[in-house]
Amino acid sequence: MPIVLLVLFPALSFAAASLVENSRPTFCNIIASFAFHYLCLSTSIVAYRLSPLHPLYEFPGPRLARVSKLYGAWISATGKQHSILKRFHDEYGPIVRTGPNELSIADVDGVTKVLGINGLPKGEYYESRADPKSPHNLNSVSGEMHTNRRRVWNRAFNTESLKEYYDMIVRRAERLAERIGAIDGPVDLTAWLSYFQFDVMGDMSFSGGFEMLNAREDEDGLGRIISDYFRLVSVLVHVPWFLKTLARLPAMSEDIKKLHNFGAERAARRIKDGSLKKDLWYHLSDEAGLEKEKPALNDLIADGGLAIVAGGDTTSRAIQNIFYMLLSHPAHHDRLRKELDNAFPSGDGIFDVARYTELKFLDAVMNETLRLYPPIPTNGPRRVANGSKARTICGKFIPEGTEVYVPPYVLHRDPRYFSPSPDDFIPERWMNPETESTESILNTTAYIPFSYGPQNCVGKNLARNEVKMVTTMLLSRFNFKFADEFEKDGWEDGLGDYFIMQTERPILVTLTKRLG
């Protein structure tokens, strides 16, 4: 149908007009005919999308957003989608029309009805992110396929499996402490935490092979490849037809190929070495023989790559964000340091995750940091599928074919759910909220740093414990302060929402080893 409207219809119209006028077509006349057709077509589309005839007419939002997704692409290109979307909700309310057929719902009713067990399937956003020439990973599939794949992932992250991964984390954390402890001068905490986390995910996914901590650098440029990939895709998913076209071009698919080749090389090495430990590959490839069918190799590579991408940047950035907040709030830093010293006076047992239930303030600091800086600030949309029944959310009728966002960053800073001072770092709001004053509000349903429902982050328990392990170790062994070269006041302005939260400015610190 689009081909008919864009090419065949104007061509046929021009041919008919030429026959009526009994004239020979000229190049200028052909161009004029096409231009006139596109002008009329565009005008009619814009008029319809702004008119009361459109099914989303009643929902408020910026006029440009109602007209075209190109506006959304421009917003994503700025890297400020999270803060701009919050501004829209502050102006228009809990439901904002952010595209011709798209809504953003910042309300707990949207959390349960969009993301919950009876929620909506993933939308075109996820479909368009996938390389059309490659298998889809867990994050880009829905329905029965997602259920089957998720079952294996759940097994890979059950309590027994996590114990295997904790040993890998401890080994790499000790190496991290050795490396940064030997540095004389400013330490790029952002870079070193990234090296650490990629090494951990390499161990988990493919039984090793990255060794960024030992190399003191990202020799393969994996971090840059992932960053560039998300920056490009976060913009182009707003025009999925364009993304699918570009993904087939050699120049634009270079990063996709690099990611796939990187995963394929590690997978080949893992298969050659065999099952040395119960890593993530052990579970995803079903080396235990628990599934009826063995997964395809390309699916394994895609899922292994997902683990590195999803578990790499997000976890390391959560840890760096905690240190930024603690060093920016000395009283909270000192309180947490005191809690850790009381729990581990000799420094022994700092990696014992069973002990972390005692560390209430550590938990509060982590929760508050993830509230202010969720790893995925906006998330991808779900869709009211065509042919399904329309949904009622927040008392509003949401028609079929509508893409629906539920943005964590906006929810987490909503005074209806987090008060007082939703934009401020107040870890105490998470401690004994039932004893707080009637003015204090903490709605945990609105807290979704790992998403919500059956398609939430499968590795959230591992991520939470890893963040605690590394934070506890670093604070127990080192004294930290911001380096003189680091300008902390402008750091938050450098945060970018490119599906995952990225930062333009690394956190620079100086550290000294603690005595005793």
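Those letters in the sequence shown? Residues -17 to -1, 1 to 499, per mature numbering (1 follows the signal peptide of the UniProt record, and there is no 0), in order. All C-beta atoms, glycine included, are put in the ideal place defined by N, C-alpha and C. All values derive from a computational prediction rather than experimental measurement.
How is residue i classed by DSSP in three states: helix, strand or coil?
| i | result |
| --- | --- |
| Phe189 | helix |
| Met151 | helix |
| Asp467 | coil |
| Leu(-6) | Because Leu(-6) sits at a pLDDT of 48, beneath the cut-off of 50, its placement in the model cannot be relied upon, and the point is left open. |
| Thr361 | coil |
| Ser402 | strand |
| Leu267 | helix |
| Tyr178 | helix |
| Phe71 | helix |
| Ile483 | strand |
| Lys52 | coil |
| Asp90 | coil |
| Val183 | helix |
| Asp171 | strand |
| Leu273 | coil |
| Leu36 | coil |
| Leu478 | strand |
| Glu85 | strand |
| Lys261 | coil |
| Asn137 | helix |
| Cys23 | helix |
| Cys11 | helix |
| Leu(-12) | Summary for Leu(-12): the model assigns pLDDT 47, below 50, so the residue's position carries little reliability, and this model does not support an answer. |
| Glu419 | The predicted position of Glu419 is uncertain, since its pLDDT is 48 and thus under 50; a value taken from the coordinates is nonetheless stated next. Of the three classes helix, strand and coil, the one that applies to Glu419 here is coil, per DSSP. |
| Lys63 | coil |
| Asp335 | coil |
| Phe408 | coil |
| Arg488 | coil |
| Phe306 | helix |
| Ala247 | helix |
Suppose contacts are defined by Cβ-Cβ distances below 8 Å. Is residue i in contact with residue j by that definition?
| i | j | result |
| --- | --- | --- |
| Leu47 | Tyr40 | no |
| Lys261 | Ser188 | no |
| Lys496 | Phe461 | yes |
| Leu309 | Ala139 | no |
| Tyr392 | Thr81 | no |
| Thr361 | Asn304 | no |
| Ala156 | Met452 | yes |
| Pro83 | Lys105 | no |
| His312 | Phe408 | yes |
| Ile88 | Ile490 | no |
| Met456 | Lys343 | no |
| Pro410 | His316 | no |
| Thr298 | Ala174 | no |
| Leu205 | Arg162 | no |
| Val135 | Asp269 | yes |
| Tyr435 | Val94 | yes |
| Ala301 | Val450 | yes |
Could you tell me the boundaries of the beta strand (DSSP E) in which residue i lies?
| i | result |
| --- | --- |
| Thr81 | Ile78 to Gly82 |
| Lys105 | From DSSP, Lys105 is part of no beta strand (DSSP E); its letter is neither H nor E. |
| Val389 | Here Val389 belongs to no beta strand (DSSP E), and DSSP marks it neither H nor E. |
| Ile431 | Run containing Ile431: none; DSSP gives neither H nor E here. |
| Ile208 | No beta strand (DSSP E) contains Ile208, which is instead part of the alpha helix (DSSP H) from Leu205 to Leu219. |
| residue 508 | Because the chain here runs from -17 to 499, residue 508 falls outside it and cannot be looked at. |
| Lys379 | Lys379 to Ile381 |
Give the range of the alpha helix (DSSP H) segment to which residue i is assigned.
| i | result |
| --- | --- |
| Lys496 | No alpha helix (DSSP H) holds Lys496; the beta strand (DSSP E) holding it covers Leu491 to Lys496. |
| Thr455 | Lys443 to Arg460 |
| Phe344 | Lys343 to Leu355 |
| Asp324 | Pro313 to Ala326 |
| Asn369 | Looking at the DSSP string, Asn369 is not in any alpha helix (DSSP H), and its letter there is neither H nor E. |
| Asn426 | Neither: Asn426 is in no alpha helix (DSSP H) and is coded neither H nor E. |
| Leu196 | Met195 to Ala198 |
Our contact map puts residue i next to residue j with C-beta atoms below 8 Å; I'd like the distance itself, whole angstroms only.
| i | j | result |
| --- | --- | --- |
| Ala466 | Thr427 | So it is not a contact: roughly 36 Å between Cβ atoms. |
| Tyr400 | Val91 | 7 Å |
| Tyr75 | Gly44 | 6 Å |
| Tyr339 | Asn448 | 7 Å |
| Ile431 | Leu394 | 7 Å |
| residue 549 | Pro223 | Because the chain here runs from -17 to 499, residue 549 falls outside it and cannot be looked at. |
| His243 | Ile209 | Actually they do not touch by this definition, with Cβ atoms about 13 Å apart. |
| Arg294 | Met184 | For the sequence presented, residue 294 should be read as Gly rather than Arg. Right, the Cβ-Cβ distance comes to about 5 Å (below 8 Å), so this counts as a contact. |
Can a CB atom of chain B be found closer than 8 Å to the CB of residue i?
| i | result |
| --- | --- |
| Val387 | Of the protein chains in the structure, only one exists, and it is not chain B. |
- Assess, as a yes-or-no matter, whether the stretch 359 to 378 is touched by the stretch 472 to 484 under the definition of 3 or more beta carbon pairs within less than 8 Å. yes
- Query: Counting pairs of Cβ atoms below 8 Å between the stretch 285 to 292 and the stretch 186 to 206, do you hit three or more?
  - Reply: yes
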